[in-house]
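In this note's numbering, the protein residues as written are -5 to 143. Some notes on the structure that comes next.
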């Protein structure tokens, strides 16, 4: 019984350290938002709770960052973020960002959640959750549904 308990504890410690290492290996998110945007702060908190480090920058306007990122027309939201060469517009869930970083699908330069759908990360409002799509986009304007929530 003591050996079984020791094996269980050893496995738990090993798994815990593996999870910590996985979280440590997540890249830093560079977030650009306007100073008054509270939902952007909540999205940053969501990202941090999911293992990302967030470097938040308050800017007078995010339009220039959207243009730099190649965010397609109609995909705009309240903040723009970057991880390496990938761009993220709006309230994209951390799980979808992790999936993009893992799968690295050809022709996808970023993800966008247009508008500010209730129930998306940073836009929580009680139990209400409006359906929304996460759109994958390329620099040449091609778009496809990456995830549905």
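Backbone N, C-alpha and C fix where the C-beta goes; we use that ideal spot for every residue, glycine too.
| Check | Outcome |
| --- | --- |
| Cα-Cα separation between residue 132 and residue 119, rounded to whole angstroms | 31 Å |
| Inter-residue Cα distance where the pair is residue 137 and residue 68 | 11 Å |
| Beta-carbon proximity of residue 135 to residue 66, cut-off 9 Å | yes |
| Identified DSSP bridge partners for residue 52 | 27 |
| Of the residues 49, 63, 73, the one placed nearest residue 55, counting alpha carbons only | 73 |
| Backbone CA spacing between residue 16 and residue 25 [nearest angstrom] | Only weak support is given to the placement of residue 16: the predicted model assigns it a pLDDT of 49, under 50, and the value that follows is read from those uncertain coordinates. Rounded to whole angstroms, residue 16 to residue 25 spans 22 Å at the Cα level. |
| Close beta carbons around residue 92, own chain, < 6 Å, minus the five adjacent residues each side | none |
| Whether residue 52 touches residue 28 by CB criterion (9 Å) | yes |
| Exposure of residue 49, with buried meaning 16 or more beta-carbon neighbours within 10 Å | exposed |
| Closest by C-alpha distance to residue 98, when choosing among 33, 71, 78, 70 | 78 |
| Residues bridged to residue 144 (per DSSP) | The structure shown does not extend to residue 144, since the chain is modelled only from -5 through 143, so no value can be given for it. |
| DSSP-derived helix/strand/coil call for residue 122 | strand |
| Secondary structure, beta strand (DSSP E): runs of 3+ residues fully inside the region 73 to 121 | 74 to 77, 80 to 84, 104 to 107 |
| Alpha-carbon to alpha-carbon, residue 76 and residue 41 | 12 Å |
| Residue 58: first and last residue of the uninterrupted alpha helix (DSSP H) it sits in | 57 to 63 |
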